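Numbering (my numbering), first residue to last: 81 to 643.
Backbone N, C-alpha and C define an ideal beta-carbon position, used for all residues, glycine too.
Bear in mind the structure is a predicted one, so any value in this text is a computation, not a measurement.
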Amino acid sequence: MPNINRRSFMKQSALSGASAALTWENSSAAPIILTDRKAERSAAAGELVFRPYFIPPGPEPRWFEGSYVTDSNWDAFYAGITADAQGVRIFDTKGKKKFGINVRWDVEPFGYLYLTADHGGEFYELPEAGRSATLNLNFELAESRVARNRKRLNLFLEQGWKPSREAQALADLSEGYLEDARKAQPAHETCAQLAQKSLLYALWASEKMELEKARHDIGRAGYRPAFFFGCDARAYFQMNVQLFLSRFTELFNYATITHYLEGGFIDDFEPAPGQERFALRTALFNDLRARNITVEGRPILYFYRTTTPEWLKRMKYSELLKFVERHARSVVSHYGDGMYAWEVVNELHDWSNECQLNHEQTIEVTRLACEVARATNPKVLRLINNCCLFGDYVQKRKWGELEAKYPQRTPFQFVRQLIEAGVDFNITGIQLYFPDRDLADIALIVEKFASLGKPIYVTEIGVSSGPTKLSVESGRLELPTGLYAWHRPWDENLQAEWMEDLYTLAYSKPYIHAISWYDFVDPYSWVPNGGLLASPDGTRKEVFHRLAKLQKQWKRLPARGMG
81 MPNINRRSFM
91 KQSALSGASA
101 ALTWENSSAA
111 PIILTDRKAE
121 RSAAAGELVF
131 RPYFIPPGPE
141 PRWFEGSYVT
151 DSNWDAFYAG
161 ITADAQGVRI
171 FDTKGKKKFG
181 INVRWDVEPF
191 GYLYLTADHG
201 GEFYELPEAG
211 RSATLNLNFE
221 LAESRVARNR
231 KRLNLFLEQG
241 WKPSREAQAL
251 ADLSEGYLED
261 ARKAQPAHET
271 CAQLAQKSLL
281 YALWASEKME
291 LEKARHDIGR
301 AGYRPAFFFG
311 CDARAYFQMN
321 VQLFLSRFTE
331 LFNYATITHY
341 LEGGFIDDFE
351 PAPGQERFAL
361 RTALFNDLRA
371 RNITVEGRPI
381 LYFYRTTTPE
391 WLKRMKYSEL
401 LKFVERHARS
411 VVSHYGDGMY
421 AWEVVNELHD
431 WSNECQLNHE
441 QTIEVTRLAC
451 EVARATNPKV
461 LRLINNCCLF
471 GDYVQKRKWG
481 ELEAKYPQRT
491 PFQFVRQLIE
501 AGVDFNITGI
511 QLYFPDRDLA
521 DIALIVEKFA
531 SLGKPIYVTE
541 IGVSSGPTKL
551 SVESGRLELP
561 TGLYAWHRPW
571 DENLQAEWME
581 DLYTLAYSKP
591 YIHAISWYDF
601 VDPYSWVPNG
611 GLLASPDGTR
621 KEVFHRLAKL
631 QKQWKRLPAR
641 GMG
């Protein structure tokens, strides 16, 4: 198969092709097949190869296993890919002409994160049939991030922000090293080394620009008295009630109460059809409302593996619709006007789908639940909750742990379809557990959801504070080995730093109205050691103190009317 170099490839926008079973010469292991083995390679296109160079050399991580492609709207789609330690081969983009590639890549000392290469925003195209092109992955990652930083910098300047000397210096260094790498392209290793330096400085510049701009915007907008700081309230059942209420109200004016049909840390809400257990949740609800905490109920529907009882999975679709109508009316009416909002569906964007619904059915079920909730109590707001915002699961063809029977959508595509279908909901909910992405990528994905025009609540957010003696002994979270994800291995201070950065980004966005940490107390947090308290004895972690400090800092700002 003929090869063409990068210059010819980019000039012609024509790359090359090979079958999914093709392996690399001298590869020590067979490639990871990231597409269906039965899928046929498109005869109309060639193959594009992204070749990595590891800087510094040493044990190579299995960086390639989660590689996936995205379209020109940064939505993941299922594609023909094979990957191994020698590189990622893309041979079929399912009719999509332009695409980018997403790989988990180590950039020391910044971190081991997913990064996007998109030819500097111009995107890649497969070559004509029978042709193959190989690109230097290091250079493509650097070029793409530097180009994106350039656009963000210009946008922020137009909005009245000026970079600090440090932010500008980091951006300038990334530009300089990228130009050096461009000149060195014929020498692949040298080009890769220079590109890796460019990428390092570009990543630091990305985060610094986003945070400086966010602080600038917060200073201009002022204090937001109507902003919700929240957390899931199930620690009410995991520690002394009065101690919980005391600690919780130090930080939060918003709480969520979970109603999983089965599973979770409270008793199963509906162990059998119609046998709803409200008593414990009602006690929690009353205690929270007595302290002026705004409360959201969640979820009306959540078809995840550990929360979906067998009796629900066995229902015919017509029976499921009757259950949705009955269940939505029951939970919404129980709390009356005291419940501020209800999470109507959770993760129904082709991720949590134990009922194995197709696209039309997920929209119909969501519509029905929203309509019943509104009819039952028009005052209660209706929220659609979404996880896995970058949609990387699409390449895996998985509904959680189930094999997906239907083509999958990203969360963004799901929410957009609901809006286009006229589904009546008020709030887009987004989950931001540490997504193996940097702060700048997170800022962009949030802005993407904001483009749909709905108010946004960050419904669940969290990250670990690293291992403790208890977590190591229990095996739940062991001592770190290998590469760290973000800046250094997780510890209490780094957890607090990440929280502060994410909350700063969120608070600066006028379309984000709430942010809720998940969970409150270790060792019960869903993210291992992701709580704000170190134990049920109420010991505050650094992240708790840092959040309190942030809130006090923002309260000192003049209120200028932004909610």
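Thinking C-alpha only, which one of the options is nearest residue i?
i, options, result
"Ile135", "Lys263, Asp348, Gly126 and Glu269", "Glu269"
"Lys178", "Leu283, Thr162 and His199", "His199"
"Leu364", "Leu519, Glu342 and Met319", "Met319"
"Asp571", "Gly611, Ala285 and Tyr316", "Gly611"
"Ala335", "Tyr420, Glu290 and Gly201", "Tyr420"
"Ser398", "Val375, Ile380, Gln441 and Glu390", "Gln441"
"Gln511", "Ile522, Thr214, Val601 and Asn234", "Ile522"
"Pro458", "Ala408, Ile298 and Ala501", "Ala408"
"Leu291", "Leu585, Asp504, Arg462 and Tyr133", "Leu585"
"Ala222", "Ala247, Leu206, Arg262 and Arg232", "Arg262"
"Glu188", "Trp284, Leu206 and Ala165", "Trp284"
"Leu482", "Phe492, Cys435 and Ala501", "Cys435"
"Phe236", "Tyr204, Pro569, Lys293 and Val129", "Lys293"
Are residue i and residue j close, meaning C-beta to C-beta below 7 Å?
i, j, result
"Phe190", "Leu280", "yes"
"Ile337", "Gly377", "yes"
"Ala359", "Val412", "no"
"Glu405", "Asn465", "no"
"Thr386", "Gly343", "yes"
"Gly302", "Arg640", "yes"
"Asn229", "Ala282", "yes"
"Val543", "Trp578", "yes"
"Arg361", "Thr329", "no"
"Tyr384", "Ser432", "yes"
"Ser147", "Val168", "yes"
"Gln488", "Asp430", "yes"
"Gly160", "Phe171", "yes"
"Leu217", "Pro305", "no"
With DSSP run on the structure shown, which of helix, strand or coil describes residue i?
i, result
"Asp430", "coil"
"Ser531", "coil"
"Gln633", "helix"
"Ile522", "helix"
"Trp104", "Note on Trp104: pLDDT 27, under 50, position unreliable in the model; the coordinate value appears next. Coil."
"Arg131", "strand"
"Phe505", "coil"
"Gly126", "coil"
"Pro111", "Low confidence applies to Pro111: its pLDDT is 48, below 50, so where it sits in the model is not reliable, and the reading given next is rough at best. Three-state DSSP puts Pro111 in coil, outside helix and strand."
"Leu206", "coil"
"Arg626", "helix"
"Thr490", "coil"
"Leu341", "coil"
"Thr619", "coil"
"Ile161", "strand"
"Lys231", "helix"
"Ala408", "helix"
"Ala313", "coil"
"Val425", "strand"
What are the start and end residues of the beta strand (DSSP E) that includes residue i?
i, result
"Ala335", "Tyr334 to Thr338"
"Arg462", "Leu461 to Asn466"
"Asp186", "Gly180 to Val187"
"Asp599", "Per DSSP, Asp599 belongs to no beta strand (DSSP E) and is neither H nor E."
"Thr584", "Premise fails: Thr584 lies in the alpha helix (DSSP H), Glu572 to Tyr587, not in any beta strand (DSSP E)."
"Glu540", "Ile536 to Gly542"
"Val321", "Note, Val321: premise wrong, no beta strand (DSSP E); alpha helix (DSSP H) at Val321 to Leu331."
For the alpha helix (DSSP H) holding residue i, just list the boundary residues, first then last.
i, result
"Gly299", "His268 to Ala301"
"Thr386", "Counting along the chain, Thr386 falls outside any alpha helix (DSSP H), and DSSP gives it neither H nor E."
"Arg169", "Careful: Arg169 lies outside any alpha helix (DSSP H), inside the beta strand (DSSP E) at Gly167 to Asp172."
"Thr442", "His439 to Thr456"
"Ile373", "Ile373 -> no alpha helix (DSSP H), and no H or E assigned at all."
"Ser212", "Taken as a continuous stretch (DSSP letters only), Ser212 belongs to no alpha helix (DSSP H), being part of the beta strand (DSSP E) at Ser212 to Asn216."
Quick check: the Cα distance between residue i and residue j, rounded to an integer number of angstroms?
i, j, result
"Phe624", "Arg394", "43 Å"
"Leu195", "Gly418", "44 Å"
"Ala484", "Lys632", "47 Å"
"Tyr562", "Glu255", "The question names Tyr, yet the displayed sequence has Gly at residue 562. Taking the straight line joining both Cα atoms gives about 30 Å."
"Pro547", "Asp518", "22 Å"
"Ala614", "Glu202", "47 Å"
"Gln355", "Pro379", "17 Å"
"Lys155", "Asn182", "Before going on, a small fix: residue 155 reads as Asp here, not Lys. Between Asp155 and Asn182, the C-alpha separation is close to 11 Å."
"Gly555", "Asp602", "14 Å"
"His414", "Arg357", "11 Å"
"Glu540", "Ala594", "10 Å"
"Ala247", "Val321", "46 Å"
"Lys549", "His567", "23 Å"
Can you find a CB in chain C that lies within less than 7 Å of the CB of residue i?
i, result
"Ile298", "Considering every chain present, this structure includes no chain C. It has just one protein chain."
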